[in-house]
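Structure first, then comments.
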Amino acid sequence: MRGAKEHSLRLARMMGSGRDRLVGQALFAGGERIQVEAQVSITRGAVSGKNHVPSRPGEPPNADTHRLSDNIETLQPAPLRVEVSSNAPYAVALEYGTSKMAERPYMRPATQKKRGEVVDLVRRAVNAVIRGG
21 MRGAKEHSLR LARMMGSGRD RLVGQALFAG GERIQVEAQV SITRGAVSGK NHVPSRPGEP
81 PNADTHRLSD NIETLQPAPL RVEVSSNAPY AVALEYGTSK MAERPYMRPA TQKKRGEVVD
141 LVRRAVNAVI RGG
């Protein structure tokens, strides 16, 4: 086979730890973009205290105490795995609603809005690995 040595070297580079590092960095950067978008959607126009106005059903929650937005974090539990979540006790109830409260999603819209950017970041990282960068 012609070019077998070059092909083998390229495959070895693609399987090495550099792959995990570059792609993992891109995934983490994408997670941070989703995190920031979710935080901004919660805090945009928010008023705390006695002038606080709750959000309407279907819209992101309006921050009052900022506990929800301050508890959104991006973690990387494995080299190629990133999680964006809020650890506020009422985060899930706001995102998905309850039997008595309509949902006020903030994470799903942030993910949808940033999906293209995240895909582009990861695509560029994968291409860099393939090129040997």
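Just remember that the working numbering sits 20 ahead of the position in the sequence shown, which is counted from 1. C-beta: ideal position from N, C-alpha, C; glycine also.
| Asked | Found |
| --- | --- |
| Nearest to P109 by alpha carbon, out of V102, I150, Q96, I92? | I92 |
| Less than 9 Å between the C-beta atoms of E123 and P77, yes or no? | yes |
| Inspect the CB distances between the stretch 41-55 and the stretch 95-110 and report whether three or more fall short of 8 Å. | yes |
| Pick out whichever of T94, L95, S68 has its Cα sitting closest to the Cα of N82. | S68 |
| Under a Cβ-count criterion, where at least 16 other Cβ atoms within 10 Å of its own Cβ denotes burial, should Q59 be classed as buried or exposed? | buried |
| Taking 8 Å as the threshold, find out whether the stretch 41-48 comes into contact with the stretch 137-145 through three or more Cβ pairs. | yes |
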